[in-house]
Amino acid sequence: MLKILANRTYRHLFLAQVIALIGTGLATVALGLLAYDLAGAEAGAVLGTALAIKMTAYIGVAPIAAAFAERLPRRTMLVSVDLIRAFVALALPFVTEVWEVYVLIFVLQSASAAFTPTFQATIPDILPNEDDYTKALSLSRLAYDLESVASPMVAAALLTVVSFHSLFAGTVVGFLASAALVCTVLLPKAKPVKRRSIYERTTRGMRIFLATPRLRGLLALNLTVAAASAMVIVNTVVLVQSRFGLPQSSTALALAAFGAGSMLSALVLPRLLKDINDRTAMLAGGGILVAGLAIGISLTSYFFLLPLWFFLGIGYSLAQTPGGRLLRRSAHAQDRPALFAAQFALSHACWLITYPLAGWVGAKAGLTTSFIALAVVGGVALLTSIAIWRPAHDQEFVEHTHDDPEHSGHVGDVTAAHQHPYVIDDQHPRWPRNQGR
């Protein structure tokens with residue numbers, strides 16, 4: 001897996017991602033503790049609302065940013081939003097009111113909504129080989145898991161000598177270091193695209209996404225992933241410090257257990273995906289998540305929580321990591337930035353539902369009820385994904401015909417059945433009916 005780091009451009013981008021995410025992980029722990037400091041036992045509701053605001057920024061900003069990113073140099077855009085994120089993180093330690101948390105989170109995550117899809121869409125252009133790209137996805141998953149493992153461990157160590165407000169300084173350093181690393185490489189230019197209106201560019205990725213059956217299945221599975229991860233992210237601090245009466249360092253350790261399970265899953269995925277297809281792996285991960293939420297209804301102790309969070313981490317990575325492979329083979333290179341932005345926005349729309357659900361249900365009706373509600377949501381979403389994402393939708397070559405041969409983009413008689421790698425584009429605006437549209 002590590003051989004792909006021989007590619008200098010990818011290596012620098014990967015290191016930038018790792019450093020920024022460690023800083024983000026410190027901020028995640030600090031934000032939970034800040035919410036508890038401001039609201040006490042109501043911290044779950046405050047954190048749930050803050051994360052819902054984060055999701056709102058992601059949903060609204062990502063498609064718009066992707067539309068304008070087609071015309072901007074990738075490196076300039078990535079560095080600019082890193083600097084914005086560093087500036088906002090610098091202000092977080094001075095927050096004294098809940099509404100100030102909400103405002104800063106919106107600005108910070110609006111910048112992230114511009115950064116992440118651009119970063120994700122750049123990697124397939126740097127690593128065009130599918131095996132290399134699969135390894136990059138797993139490494140990227142490992143990098144994200146540093147937010148749940150390394151960062152909480154560092155946070156736990158720092159909390160023994162400094163207050164949680166000081167953790168935000170690590171976020172600032174992370175974003176500045178990320179910007180510096182991006183500056184050291186030349187990134188491939190985005191593929192030239194047909195000139196379109198702002199509306200067309202903003203909605204193109206969403207239209208491709210929703211017209212592709214396997215991606216509609218991915219959307220349903222995103223809701224299962226969101227249900228499980230929302231329970232972990234929103235309610236860990238409440239479970240550990242309110243229900244079990246343990247210190248802040250125990251909160252960090254519980255988050256680390258979730259990240260450790262996810263990292264283990266990501267490490268074995270490249271080899272696993274040589275033997276089974278993406279659909280099987282991802283639906284199995286969804287099943288683990290639903291089972292974990294159901295088990296959580298009977299949660300009785302902190303020492304039961306740690307292995308449960310580890311189990312959920314395994315399912316989280318298994319269900320989520322191969323999604324980049326689906327996106328890569330569901331669009332032409334010039335449409336990938338828009339498609340990655342659509343996935344970014346739609347997946348976070350799922351978190352917009354589950355974050356407030358986890359926080360407010362937990363605060364008003366109890367954490368057991370929160371487990372029940374999220375298990376039901378995740379289970380229904382998983383069954384929906386299984387129903388609409390059938391094995392036929394994973395075929396690369398799809399047989400089809402064209403009603404209008406003059407606009408097909410093909411040579412020869414296209415009114416007769418023919419096949420080729422099929423993606424939604426200007427010549428193929430709909431999925432063939434015989435493939436389950």
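Counted the way the numbering used here counts, the sequence shown spans residues 1 to 437. Idealized CB from N, CA, C, for every residue including glycine. This structure is a prediction, so every number in the text was calculated from the model and none was measured.
For the alpha helix (DSSP H) containing residue i, name the first residue and the last one.
i: Q248; result: Q248 to L272
i: I288; result: D278 to G296
i: A319; result: Y302 to Q320
i: K364; result: R336 to A365
i: R214; result: P213 to V238
i: A177; result: L167 to C183
i: G323; result: G323 to R328
Excluding sequence positions up to five away, which residues of its chain have a Cβ less than 7 angstroms from the Cβ of residue i?
i: L15; result: L181
i: L306; result: A254 and A257
i: V232; result: F258, W309 and L312
i: S110; result: A57 and V61
i: V361; result: T369, S370 and A373
i: N235; result: G44, A358, G362, L367 and S370
i: N222; result: L346, S347 and C350
Buried or exposed: which applies to residue i, given that a residue is buried once 16 or more other Cβ atoms fall within 10 Å of its Cβ?
i: R498; result: Residue 498 falls outside the range modelled here, since the chain spans only 1 to 437, and no answer is possible.
i: S112; result: buried
i: I105; result: buried
i: F303; result: exposed
i: A375; result: buried
i: I297; result: exposed
i: I276; result: exposed
i: R437; result: Only weak support exists for where R437 lies, its pLDDT of 42 falling under 50; the coordinates are left without a value.
i: K274; result: exposed
i: S385; result: buried
i: P188; result: exposed
i: P356; result: buried
i: A30; result: buried
If you draw a straight line from the alpha carbon of residue i to that of residue j, how long is it in whole angstroms?
i: V18; j: V98; result: 29 angstroms
i: A254; j: G217; result: 31 angstroms
i: H348; j: L283; result: 19 angstroms
i: G359; j: I4; result: 40 angstroms
i: F115; j: Q241; result: 34 angstroms
i: Q334; j: I126; result: 14 angstroms
i: S250; j: V237; result: 9 angstroms
i: S140; j: Y133; result: 10 angstroms
i: L34; j: P73; result: 37 angstroms
i: L83; j: A179; result: 7 angstroms
i: L239; j: R214; result: 36 angstroms
i: R279; j: W389; result: 8 angstroms
i: I123; j: V46; result: 35 angstroms
i: I53; j: L352; result: 8 angstroms
i: A365; j: G245; result: 19 angstroms
i: P128; j: A341; result: 19 angstroms
i: L293; j: L299; result: 10 angstroms
i: V103; j: P432; result: 45 angstroms
i: G324; j: L339; result: 10 angstroms
i: A177; j: A20; result: 7 angstroms
i: A252; j: L382; result: 29 angstroms
i: H332; j: I208; result: 11 angstroms
i: A6; j: K135; result: 13 angstroms
i: A281; j: R85; result: 34 angstroms
i: L327; j: D131; result: 15 angstroms
i: S301; j: Q248; result: 16 angstroms
Spatial neighbours of residue i within its chain, please: CB distance less than 6 angstroms, with the 5 preceding and 5 following residues excluded, ordered by chain position.
i: L346; result: L219
i: V81; result: A111, A114 and F115
i: V101; result: A50 and V95
i: A226; result: C350, W351 and T354
i: M55; result: H348, W351 and L352
i: G379; result: V290
i: V377; result: A227
i: A230; result: T354, Y355 and A358
In chain order, what residues of the same chain lie with their CB nearer than 8 angstroms to the CB of residue i, ignoring the 5 residues before and after it?
i: S138; result: M1, A266, L267, L269, P270 and T321
i: L186; result: T9 and R75
i: I314; result: G261, S262, L264, S265, G285 and I288
i: A89; result: G23, A27, L108, F168, T171, V172 and F175
i: T184; result: H12
i: T203; result: P63
i: A91; result: L104
i: L318; result: S265, L269, A281, M282, A284, G285 and I288
i: L79; result: Going by the sequence as given, residue 79 is Val instead of Leu. Cβ neighbours of V79 beyond the five flanking positions: A179, V182 and C183.
Check: Whole alpha helix (DSSP H) runs in the segment 73 to 142 with 4 or more residues, listed along the chain?
Finding: Within the segment 73 to 142, the complete alpha helix (DSSP H) runs of at least 4 residues fall at 74 to 91 and 98 to 126.
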